[in-house]
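Residue numbers (this note's numbering), protein chains in the order written: chain A, 557 to 667; chain B, 5 to 331.
Each residue gets a CB set at the ideal place from its N, CA and C atoms; glycine is no exception.
The structure under discussion appears below in the form of structure tokens.
So, in structure tokens, the structure goes:
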């Protein structure tokens, strides 16, 4: 059984929330800046840019799917969201091409 | 009934003819606020003004429209709207509004005015603007104005403020903006030049690398003795030389040139005579050089020319006499 409280807090976490993703993208396009980043930092920044316009629910569901919760039955338990919220988020992510709504398989974030 | 139909038809026709006004919609930010404002007077020119605004337009899900389209920062004098500028970015950031001295005059702003600085949604996207929802207003107090009396001193205070803002932003963003020596790094440079265009021209010291020019001042000297000597030409000699110059060249004020050329001819005649007598070129030149001083004394030759000629003779002497014997 998944601990709902812990996962709901962890999923959907946004790194670098106080900077506009467009500004971050501008920084990343500068070689001297992007080359100074570690792989982890670069990954977090790219995720921030990629998911900036996503809703909180979408982020939570996406992270849970990445984490292996690929069943619509387990996602509400893992994320702490209601069934409706999960389905809505999955549908939205599917329309973005980030998950398949049938098999609920996460697509990797474009780096 | 017939009348009602006619009115209805008229309404439909009007509705079809009227141009449609596009209404865009963007969600209100999670929070909005102005964190700080500083106004600098006298940076590029005396009397200009730069409003530096630190703001927060926080979105957990950023709108797909750029902040340049959806939000702006502006200055109000009471209810009178002044200059404005689109925001570059959402979230926690800085922006500035610059007014030249002429523009300051047009808006009628004076140092220390209780102006209002406002970050607000673009009315195209936000039909209803509500304070603390999609708009925030900051009233300037006297302590937010900076004018240190000179452009250089005010620029120094702006540089300090930029470093302070960079420290705040790097904590907020989680991204280093300053180097260990408190200079803006690459990210800092991009952020601050976006916010304050031309900052590198007035506060180059906050950047890691900046262009500079060698400090060079043209040496000023007053050739009083030379001027005194040139003034010794008598009225009669001046008249003769000017008349001769007018006759030869057809132009006025050629007396100095004619005098110089005449003196040069006499110099070479004298040098030729000495060369014939001694058979030595160096002796002929060295002995003839003092003759140029005669030209200086009577005011028809500039002392500068004499010294240049003497310098050339010394160099020639060194080359022919000394180096010739070293071989």
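Judged by pairs of C-beta atoms under 8 Å, the stretch 259-276 of chain B does not touch the stretch 178-196 of chain B, as fewer than three such pairs exist. Take the alpha-carbon of residue 313 of chain B and the one of residue 105 of chain B: they are about 54 Å apart.
Beta-carbon to beta-carbon, residue 71 of chain B and residue 94 of chain B are separated by about 5 Å, close enough to satisfy the 8 Å threshold. With distances taken between CA atoms, residue 622 of chain A lies nearest to A:646 out of A:646, A:609, A:641. Interface with chain B (8 Å Cβ-Cβ cutoff): residue 606 of chain A is excluded. Excluding sequence positions up to five before and after residue 151 of chain B, its CB lies within less than 7 Å of the CB of 45, 46, 115, 158, all in the same chain and listed in chain order. Using beta-carbon distances, residue 94 of chain B counts as an interface residue toward chain A, with a partner under 8 Å. For residue 578 of chain A, the enclosing alpha helix (DSSP H) has its first and last residue at 577-584.
Counting C-beta pairs closer than 8 Å gives three or more between the stretch 608-624 of chain A and the stretch 564-584 of chain A, which meets the contact rule. Within the stretch 615-645 of chain A, no residue places its CB atom closer than 7 Å to a CB of chain B. Residue pairing of residue 97 of chain B in beta bridges, as defined by DSSP: B:59.
The C-beta distance from residue 58 of chain B to residue 169 of chain B rounds to 6 Å, short enough to fall under 8 Å. Under a criterion of Cβ atoms nearer than 8 Å, the residues of chain B adjacent to residue 572 of chain A are, in order, 177, 178, 179. Of the candidates B:304, B:260, B:56, B:56 places its Cα closest to the Cα of residue 203 of chain B.
Using a C-beta cut-off of 8 Å, the stretch 226-242 of chain B makes no contact with the stretch 283-298 of chain B, since fewer than three inter-stretch Cβ pairs fall below that distance.
Using a CB distance cut-off of 8 Å, residue 228 of chain B does not count as an interface residue toward chain A. Contact between residue 278 of chain B and residue 291 of chain B holds: their C-beta atoms lie close to 5 Å from each other, under 8 Å. Its Cα nearest to that of residue 89 of chain B, the residue B:54 stands out among B:54, B:113, B:226. By alpha-carbon distance to residue 649 of chain A, the top candidate from A:584, A:633, A:589, A:618 is A:618. Assigned with DSSP and collapsed to three states, residue 135 of chain B falls in strand. Within the stretch 177-253 of chain B, the runs of alpha helix (DSSP H) at least 4 residues long that lie entirely inside it are, in chain order, 190-199, 203-206, 228-234, 239-253. Around residue 598 of chain A, no beta-carbon contact reaches into chain B at under 8 Å, the shortest distance being about 12 Å.
Residue-level contact check: residue 652 of chain A does not touch chain B, since none of the beta carbons of chain B fall below 8 Å from its beta carbon.
When beta bridges are read from the DSSP output, residue 76 of chain B appears opposite B:90, B:124. Residue 109 of chain B carries a helical assignment under DSSP once its states are collapsed to helix, strand and coil. Going by DSSP, residue 118 of chain B is part of no alpha helix (DSSP H) at all; its letter is neither H nor E. For the stretch 191-206 of chain B, the beta-carbon criterion of a distance under 8 Å to any beta-carbon of chain A is satisfied by 191, 194, 195, 198. Residue 68 of chain B belongs to the set of residues whose beta carbon lies under 8 Å from a beta carbon in chain A. Around the beta carbon of residue 67 of chain B, a 10 Å sphere encloses 16 or more other beta carbons of the protein chains shown; the residue is thus reported as buried. Taking all protein chains shown into account, residue 251 of chain B has fewer than 16 neighbouring C-beta atoms within 10 Å of its C-beta and is therefore exposed. Against residue 609 of chain A, the close residues of chain B are 65, 66, 67, 68, in the order they occur along the chain (beta-carbon pairs closer than 8 Å).
Taking 8 Å as the cut-off, the beta carbon of residue 179 of chain B is found no closer than this to the beta carbon of residue 605 of chain A.
Against chain B, a Cβ distance below 9 Å from residue 595 of chain A picks out nothing, because the smallest value is about 16 Å. Shortest Cα-Cα distance from residue 98 of chain B to any of B:305, B:86, B:165, B:110 involves B:165.
One Cα belongs to residue 296 of chain B, the other to residue 274 of chain B, and the distance between them is close to 11 Å. At the C-beta level, residue 263 of chain B and residue 304 of chain B come within 8 Å of one another.
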